[in-house]
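Numbering (our numbering), first residue to last: 27 to 410. One structure below.
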RNA sequence: GGGGAGAUACUCAAGCGGCCAACGAGGUCAGACUGUAAAUCUGAUGGCACUGCCUUCGGCGGUUCGAAUCCGCCUCUCCCCA
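Structural data, given as structure tokens:
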């Protein structure tokens, strides 16, 4: 595993920005493992496959023998990253951050070998800072330079608020790099500014400036920017079934890119897959990703309707809509009701348009489908 | 410090005393068509064992038979002037 003697070509594969290439060559030629930093903002509880672009890259570098340093931005999360935002981000409380942190680390462990990963919270150093330290840090950056950022400019134009504390975010992220003596920092292309601030701060501290590598942001499966509000992301906590189907819905134009950034298939194979029938390619893509996170067994369950027990604590006779909701096939009974009224619900192959129809727990399993991609086989209640 | 504007459902955005669970757009969901895609068309879209009931229009109080709409205070934001 200790073959970190790989060249810059392999190291920087798939990167969009590489600053500076010469620095990278130089540092790699020294032959020691590089300290590669990746910061995570624990501001939402779940990672999605968009984050995996970075994680897979880290995985590859880890396998080449480099030292991955994960920074959990618990202090920065309480500031809120202004990148890519035209609105003030809500600041999180410590309790919220702590809750998100656990789920993060366990999700990351699906991709990285945590035993060989250094993990820090940036509160380790920020909690110890005095106000005068903050001022000293703040004095290393100018307002003019901050305002060059398009996100801030846009917000000024659109009369959206900008908090002074938001100016501190890039400085904090950059300071993380100083504290861990970072060699290479990885981020999405939207992070370029923040990453460069790290370089700048290291130089000011008479430290060799970190190499900055950005990776492409992938769009959601519908082709638009991946975002919670569009509901087009694929959370890592998705079941095998959800994950498979969401990935399979990926926009045609993005299939090749997803293959490149989210699977470990060799480029030649990707090329031949995407040159063939696109439906087959999507099936393979969805299968690869699902297998990675859920294993062969998880993938195997995908094409069958899952078997679900009769809802615990529920009566043996339920209106259809309530049963569907209780089974988790819809979020609310109203939603189940609507689907049924519009002909989207079937029981044992029969379309049922009456959401109030009473369904009895019978002796054999009932096949219930909701819409095109939700289905379950409901088992009879187990006596006792 | 002074003056002005504003806060509505997932998002944007109408409504300005009863006809408001609240126009419209986007999103989402369902149906048709398809390639389990995209585009297009149709319908739905607060919750609920739903011909009815319950909870919503920044927060708290008040006026009224009745308030998203009027009044008071509070919180937050934007703009102009200093």
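Yeah, the Cβ is synthetic: ideal placement off N, Cα and C, and Gly gets one too.
Three-state secondary structure assigned by DSSP to residue 66
Residue 66: strand per DSSP, three-state reduction.
For a minimum of 3 consecutive residues, which ranges assigned as the beta strand (DSSP E) are wholly contained in the region 332 to 393?
343 to 345, 371 to 373, 384 to 386
What did DSSP end up calling residue 207 once you bin it into helix, strand or coil?
coil
So, with DSSP's three-state summary, where would you put residue 239?
strand
Start and end residues, beta strand (DSSP E) containing residue 145:
143 to 147
In this structure, does DSSP put residue 244 in helix, strand or coil?
coil
What separation, rounded to the nearest whole angstrom, lies between the Cα atoms of residue 34 and residue 53?
10 Å
Rounded to the nearest angstrom, how far is the Cβ of residue 377 from that of residue 346, given a contact under 8 Å?
With a Cβ gap of about 11 Å, residue 377 and residue 346 do not count as contacting.
Taking C-alpha atoms, which residue in 372, 342, 284 lies nearest to residue 389?
342
Short check: CB of residue 148 to CB of residue 216, under 8 Å?
no
What first and last residue would you give for the beta strand (DSSP E) that runs through residue 279?
It is not in any beta strand (DSSP E) - residue 279 carries neither H nor E in the DSSP assignment.
Beta-carbon contacts of residue 243 that lie in its chain and below 8 Å, excluding the five residues immediately before and after:
76, 79, 214, 215, 216, 251, 252
Which same chain residues end up closer than 8 Å to residue 273 when comparing Cβ atoms and leaving out the 5 residues on each side of it in sequence?
Non-local C-beta neighbours of residue 273 in its own chain, meaning closer than 8 Å and more than five positions away in sequence, comprise 75, 247, 260, 284, 308, 311, 312, 315, 316, ordered along the chain.
Just confirm the distance between the C-beta atoms of residue 59 and residue 93, as a whole number of angstroms; I'd bet it's less than 8 Å.
Distance from residue 59 to residue 93 at the Cβ level is roughly 5 Å; contact confirmed, criterion being Cβ atoms closer than 8 Å.
Among the candidates 338, 36, 220, 258, whose CA atom is the shortest distance from the CA of residue 404?
338
Which residues in the same chain as residue 399 place their Cβ atom closer than 7 Å to its Cβ, once the five residues preceding and following it in sequence are excluded?
Within the same chain, Cβ atoms closer than 7 Å to the Cβ of residue 399 are found at 271, the five residues on either side in sequence being excluded.
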